[in-house]
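Each remark here refers to the structure printed beneath this line.
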Amino acid sequence: MRYMRERRAELGGAFRAPRPVSGLACAPRSAFGGQLKTSGKRQISTTMAFVRILSTLLKDKHFGDRVVPIVPDEARTFGMEGMFRQMGIYSSVGQRYTPHDSGGILYYKEAETGQILEEGINEAGAFAAWLAAATSYSVSDFPMVPFYIFYSMFGFQRIGDLAWAAGDSQARGF
């Protein structure tokens, strides 16, 4: 029993003790100058406005590498193809083929260092990735800011139990 009590004491007691969480500085408000101004008579969609804000967050030097865009379908649906070349789509094996649009400016770029998670038609897998990133602040003291990006009920209706688990886990993200 003494051995067990000593091991338990090394772990912080009978219950896990809360530990301080590292802070995370957000991009300054001035970085969003273009998004905060009126577009005049030109109307823009909410999707376009969202992609512009997300691009600004991703480009921030102190905050950008903590942002994780997760798309459970095709990111081009949201007009995110402009991010492919700069941020890359994560692939554990990199680009293993030549995309049909490789000669264009907005080509489909996969990379081992890619930041965008494009999961295909796999809502549960995409939300599981979101949940891992959203709880990284408490699990590994590395706060991240995941965005689960979907455009219809199909992106949300299959992940109800995972969303409930996210609430129980005190997940943080969008």
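Heads up: the sequence shown begins at 20 in my numbering, then just goes up one per residue.
C-beta atoms are modelled at their ideal positions from N, C-alpha and C, and glycine is treated no differently.
CA-to-CA distance, residue j to residue i, given in whole angstroms
i	j	result
F166	L76	11 Å
V164	V158	14 Å
R104	G123	10 Å
E142	L43	28 Å
R177	F193	17 Å
G133	C45	21 Å
D187	M20	33 Å
L181	A151	11 Å
V90	R48	26 Å
S121	F82	30 Å
M23	A153	33 Å
CB of residue i within 9 Å of CB of residue j, strictly
i	j	result
A130	E138	no
Y170	D92	yes
W149	A190	yes
Y156	L136	no
P162	S41	yes
G98	T66	yes
A94	I168	yes
G107	L125	no
Helix, strand or coil at residue i [DSSP, three-state]
i	result
F82	coil
V70	helix
A33	coil
L125	coil
Y116	coil
L136	strand
F51	helix
F161	coil
A130	strand
Y22	helix
Classification of residue i by the beta-carbon crowding that lies within 10 angstroms, buried from 16 upward
i	result
K60	exposed
K80	exposed
P88	buried
I140	exposed
A28	exposed
E25	exposed
I63	exposed
Y116	exposed
Y127	buried
is_contact[residue i, chain D] using C-beta, thresh 9 Å
i	result
T132	The structure shown has no chain D; it contains just one protein chain.
| field | Stretch-stretch touch, CB-based, cutoff 8 Å, three pairs: the stretch 36 to 56 with the stretch 65 to 85 | value | yes
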